[in-house]
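Please read the structure below before turning to the comments.
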Amino acid sequence: MGVSTPISAGQQFIAGARRRGSGNERNDVVNPSTGGVVDTDNLGNARDVDSAVRAARDAFPGWAATSPGERSEAMLRWAEELALRAGELAALESAIGGKPIRLAGGFDIPGVIDNVRFFAGAARNLEGRASAEYSPDHTSVIRREPVGVVGSIAPWNYPLQMAAWKVLPAVAAGNTIVLKPAELTPSTTVLFAETAVAAGIPAGVINVVTGTGRETGEALIGHDDVAMVSFTGSTAVGRRVAEVAAGQVKRVHLELGGKAPFVVFDDADLEAAARGAVAGSLINAGQDCTAATRAYVHRSRFDAFVARVAELMGQVRIGRADDPATDLGSLISVSHRDRVAAMVERARAAGARVVCGGRIPDGVPEGTAFYEPTLVVDCAQDSEIVQSEVFGPVLVALPFDTDDEAFALAGDTPYGLAASAWTTNVYRAQRAQREIAAGCVWINDHIPIVSEMPHGGYRASGFGKDMSAYSFEEYTQVKHVMSDITGRAHKPWHDLVFAGGS
Ligand code: NAD
Numbered sequence: 030m031g032v033s034t035p036i037s038a039g040q041q042f043i044a045g046a047r048r049r050g051s052g053n054e055r056n057d058v059v060n061p062s063t064g065g066v067v068d069t070d071n072l073g074n075a076r077d078v079d080s081a082v083r084a085a086r087d088a089f090p091g092w093a094a095t096s097p098g099e100r101s102e103a104m105l106r107w108a109e110e111l112a113l114r115a116g117e118l119a120a121l122e123s124a125i126g127g128k129p130i131r132l133a134g135g136f137d138i139p140g141v142i143d144n145v146r147f148f149a150g151a152a153r154n155l156e157g158r159a160s161a162e163y164s165p166d167h168t169s170v171i172r173r174e175p176v177g178v179v180g181s182i183a184p185w186n187y188p189l190q191m192a193a194w195k196v197l198p199a200v201a202a203g204n205t206i207v208l209k210p211a212e213l214t215p216s217t218t219v220l221f222a223e224t225a226v227a228a229g230i231p232a233g234v235i236n237v238v239t240g241t242g243r244e245t246g247e248a249l250i251g252h253d254d255v256a257m258v259s260f261t262g263s264t265a266v267g268r269r270v271a272e273v274a275a276g277q278v279k280r281v282h283l284e285l286g287g288k289a290p291f292v293v294f295d296d297a298d299l300e301a302a303a304r305g306a307v308a309g310s311l312i313n314a315g316q317d318c319t320a321a322t323r324a325y326v327h328r329s330r331f332d333a334f335v336a337r338v339a340e341l342m343g344q345v346r347i348g349r350a351d352d353p354a355t356d357l358g359s360l361i362s363v364s365h366r367d368r369v370a371a372m373v374e375r376a377r378a379a380g381a382r383v384v385c386g387g388r389i390p391d392g393v394p395e396g397t398a399f400y401e402p403t404l405v406v407d408c409a410q411d412s413e414i415v416q417s418e419v420f421g422p423v424l425v426a427l428p429f430d431t432d433d434e435a436f437a438l439a440g441d442t443p444y445g446l447a448a449s450a451w452t453t454n455v456y457r458a459q460r461a462q463r464e465i466a467a468g469c470v471w472i473n474d475h476i477p478i479v480s481e482m483p484h485g486g487y488r489a490s491g492f493g494k495d496m497s498a499y500s501f502e503e504y505t506q507v508k509h510v511m512s513d514i515t516g517r518a519h520k521p522w523h524d525l526v527f528a529g530g531s
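Letter by letter, the sequence shown follows residues 30 to 531 in this note's numbering.
Below you can see the structure in the form of structure tokens.
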């Protein structure tokens, strides 16, 4: 399965065509599992943002005027195009992220195609309140209208899925969009937009501009013709995005960081929990906003859990992204790997015990970004490694004694994106659903997602929903139309303002 997209074909997609970036700085996209360059172009800048926003603004009236059925048809054709190119997309997604080809081919790309199919259907099912006479003299109708040009910003961890989660509800609802992928991983996003045009979605509906966050990102979110901003990324940058948007009273949708708890009660199936913890913490090398990061385990099962997780982590095969035998690929970059390693070192220095991993594997080539699966214990609840996003293949385990304590610990970070509870007791499972403040709570599993269900955070993990029909709340505005049905010139309510009058 080769990557047929030629490098240097351009990392911008504006008005239906690939373009080279206008900036002076080169952007080499590197496969962090080999150190090789996969794609290269000049970065885009504010000039490219301006062209892309103009293209989106010009395309908006025509696209907004298409019927939901027409938009749906176009998106179904797009899904077919993507399915035909699934192998190429998976190879490229795997290469730009150092992500195992098994994951890219079995999760990222099929997930995106399913998302396109879902939104093709959902486009025809925009819902609102029933039209009715809420006042005896009027009929009220709700119109759900697109917002306009959407400016979106995506992270590097699941480049194509994160782009799809932004683009699909926006265009299904009749908006047009300019999306800025992370500069580390633009290549599949450009291909995604190109495929949309090949499927008949008009030029200018979906545009991609690749550049740095400070320059291109801020130019996009602050552009006068961008009606709303949707952002997925870290909480720190999300705060900045919200600031810029607030200055212009723009609608904003934020999907931010996470620090998911993984709560194992004393009645849990321990083997299921241990396997779930390994898969849930190591997926995408832990660079997943919903990854299991904090395992709270009942003290009576703690040692057995730690031993089994360490044993399973020891069996994980680390390797090149394109090797089908690889379980754990590399992290996104050497600098990010160094950041992860430094956090583990600081935990160690503060007295934590690294049960397994906590190091760069022996013999990996220079310029690659591998890090071993890592399990850390004996750390304080208020320590950095428990409170802050590591975004690497690192799981922390802490014991608890009572259910109340477990729920309190699970909620004790600023984040609230996802969580899981492991129990065979139906009452505990019910209580976990209610007690844990997070946008998603899994019971006896951790990670699976479906297009029909919403994804989004509580608290510092942001607000608004990706995927599912709930995402239309972000990308549509609700208009109330109230029509008089009496035909009377002198309406009874006028008497409240001027009595009599003839
Ligand atoms: P990041 O916040 O550093 O960057 C995200 C995007 O924002 C990139 O495209 C970047 O170029 C851009 N950006 C940076 N500074 C900007 C600025 N001042 N103005 C506008 N744009 C700017 O995040 P990352 O390192 O790419 O991704 C990892 C983070 O994303 C983690 O915190 C992770 O939890 C989060 N994430 C959240 C979700 C979710 O659904 N909640 C999903 C995936 C990732």
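Even glycine gets a Cβ: it sits at the ideal position worked out from N, Cα and C.
Note that the C-beta distance between Ala297 and Tyr400 is not below 9 Å. Look at Arg323: its beta carbon is at least 8 Å from all of the heavy atoms in the ligand NAD. Between the region 162–182 and the region 195–208 there are three or more inter-stretch CB-CB distances shorter than 8 Å, so the stretches are counted as touching. Judged by DSSP in its simplified three-state form, Tyr456 adopts helix.
When only Cα atoms are considered, Leu360 and Ser62 end up about 8 Å apart.
Bounds of the alpha helix (DSSP H) holding Ser310 are Leu299 to Leu311.
By the Cβ neighbour-count rule, Ile514 is exposed, with fewer than 16 other Cβ atoms within 10 Å of its own. Excluding its 5 nearest sequence neighbours in each direction, Ala202 has C-beta neighbours in its own chain below 6 Å: Pro175, Phe501, Tyr504 and Thr505, listed in chain order. A residue is called buried once 16 or more other Cβ atoms fall within 10 Å of its Cβ, and Leu424 is buried on that count. If you draw a straight line from the Cα of Ala303 to the Cα of Ala75, it comes to about 48 Å.
By the 16-neighbour rule on beta-carbons within 10 angstroms, Phe527 is exposed. By the criterion of at least three beta-carbon pairs nearer than 8 Å, the region 463–474 is in contact with the region 434–443. Ranking Leu72, Pro231 and Val307 by CA distance to the CA of Asn53 puts Leu72 first. If you compare the alpha carbons of Phe221, Leu525 and Ala193 with that of Leu118, the shortest gap goes to Phe221. With respect to Ala306, Phe291 sits close: the two C-beta atoms are nearer than 9 Å. When secondary structure is reduced to three states using DSSP, Ser160 falls in the coil class, being assigned neither helix nor strand.
Counting along the chain, the unbroken beta strand (DSSP E) around Pro290 starts and ends at Ala289 to Val293. Per DSSP, Arg488 lies in no beta strand (DSSP E) segment and is marked neither H nor E. With fewer than 16 other beta carbons inside 10 angstroms of its own, Ala94 counts as exposed.
Residue ranges of uninterrupted beta strand (DSSP E) with 3 or more members, entirely inside the region 243–277 and ordered along the chain, are 257–261. Pairwise C-beta distances place the region 261–268 in contact with the region 280–289, as three or more of them are shorter than 8 Å.
Assigned with DSSP and collapsed to three states, Asp432 falls in helix. Glu418 sits close to Thr322, with the two beta carbons spaced by under 9 Å. Taking each of Ala159, Tyr487 and His523 in turn and checking the Cα distance to Val170, the smallest one comes out for Ala159. Where Asn236 is concerned, the enclosing beta strand (DSSP E) starts and stops at Ile235 to Val237.
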